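Numbering (our numbering), first residue to last: 7 to 122.
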């Protein structure tokens, strides 16, 4: 089984991953991260709890970090439900703990002032 240390990720990202309690890649992560970190596209379908969210967030953060501090970096993640948007935001905040990106979730049913 591959470990996250073997991926040679940014130290801040690796620290967030470790603090999240992740050490070994799940099957989904093992099959996708090697490709996505090289810039390849993947389509993944698997059960809840298999690590899909962490896989795409790790790729996004790593690619944004590789772009350098002067690059304009933004990522938009679109989810089908408010609950999933909140879940993705929570995971992103945990992985971002040592990176300094701004993370936010925006969805319908909540006033603009609250989300601002």
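We treat Cβ as the ideally placed atom computed from N, Cα and C, and that holds for glycine.
Note that the structure is a prediction, hence the values are computed from the model and not measured.
{"Check": "Segment limits, alpha helix (DSSP H) that includes residue 3", "Outcome": "The question about residue 3 has no answer, for the chain in this structure spans 7 to 122."}
{"Check": "Residue 106 versus residue 19: straight-line alpha-carbon distance, rounded", "Outcome": "10 Å"}
{"Check": "With 16 other Cβ atoms within 10 Å as the buried cut-off, status of residue 15", "Outcome": "buried"}
{"Check": "Selected residue, minimal CA-CA separation from residue 114, among 87, 75, 30", "Outcome": "87"}
{"Check": "Span of the alpha helix (DSSP H) around residue 70", "Outcome": "58-72"}
{"Check": "Cβ-Cβ separation, residue 66 to residue 81 (assumed contact under 8 Å), whole Å", "Outcome": "5 Å"}
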